Every structure is written in structure tokens, then in C-alpha cells.
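When the letters of the sequence shown are read in order and numbered with the numbering used here, they come out as residues -13 to 120.
A virtual CB, placed ideally from N, CA and C, is assigned to each residue, including glycine.
Bear in mind that the values here come from a model prediction, so they are computed numbers and not experimental data.
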Amino acid sequence: MIGKLNHVAIAVPDLAAACAQYRDTLGATVSAPADEPDHGVTVVFVELPNTKIELLHPLGANSPIAPFLERNPSGGVHHICYEVADILDARDKLKAKGARVLGDGEPKIGAHGKPVLFLHPKDFCGTLVELEQA
Ligand code: CO
């Protein structure tokens, strides 16, 4: 069912420092920061030949990644995103196998303008999984 790895998202406490590290130390192509108020994050995209890294930084008072950074003050891998061809079909098949979909179970438009869903980390090896309709 799952296809390509779309991105790995890393929550970071200092976005400028993380950008400098990926751009200057690792030599990657790094985008300008983009505020995503609907998701409570500022996102920087790191383009790699085969996938992307998303650097996430809290935006606003109720950012969903703020508790994660409180538990992981130096940052850490927050989620991984797999592509699926049909997100509603994927959701229904996963729910039928007992996987928990977060929120109200309806896809939301993600950082790339495409529908996304999140799956409960306890059902997937302790990893928060995002599905994005490719
Ligand atoms: Co993501």
C-alpha cells in the first residue's frame, strides 16, 4: 500500500541553527522558512536526491510540536511520511486492520498542498506516521 518515502520531519528548537547545519555543514539545498499557521509550525524543506527532510519549528502558542520539544529539548525525528495513491482507501484499509487514525479521521491539506493523515505511533513501532496522497 505505501509507496515512496516522501519526507522525514525533524523538530528543531533553533530553526536558523538547523538550517545552517543542513546548508553549510551537510551541503544540502535548504528552502526559506514557510509559516504554516493552520498546522502551528514553521517549515523548512531540505531537498535530497531521493527524498526531503522537513525541519519543523513551533509557530504560535498551541503548536502541536511544542510538547515534543519539551520532551526532546535538542530536537528529534518527529514523523515520517509515506506516499499513498488514494488516502481514503488507505485510511479505510488501515482502520479495518485496527490502526488508529489521529484527529477526526478526515484528511487535511498538508504542507505540500496535498491531503494528509496521521497514524498513531503506538500502532507503528513508536513512530508517528504521516500518509500523503501522492
Ligand atoms: Co510531514
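Strand pairing of residue i, partner residues [DSSP]
i	result
Leu121	Lying before the first or after the last residue shown, residue 121 is absent from the chain, which here runs from -13 to 120.
Phe31	Glu40
beta-carbon residue i near the ligand CO non-hydrogen atom, thresh 7 Å
i	result
Glu69	no
Glu116	yes
His43	no
Asn89	It is Gly, not Asn, that sits at residue 89 in the sequence shown. No.
Ala18	no
Ala(-3)	no
Glu33	no
His(-7)	yes
Glu22	no
Among the options, the one whose alpha carbon lies nearest that of residue i
i	options	result
Asp0	Lys38, Pro19, Ala120	Pro19
Leu103	Asp78, Leu45, Val16	Asp78
Ala(-3)	Gly84, Lys108, Gly26	Gly26
His65	Lys(-10), Ile73, Leu105	Leu105
Ala95	Leu117, Lys83, Pro107	Checking the sequence, you will find Ile at residue 95 rather than Ala. Minimum Cα distance to Ile95 is reached at Leu117.
Pro35	Asp72, Val87, Ser49, Lys(-10)	Lys(-10)
Alpha helix (DSSP H) segments (min. 4 residues) lying fully within the stretch -12 to 32: 1 to 6
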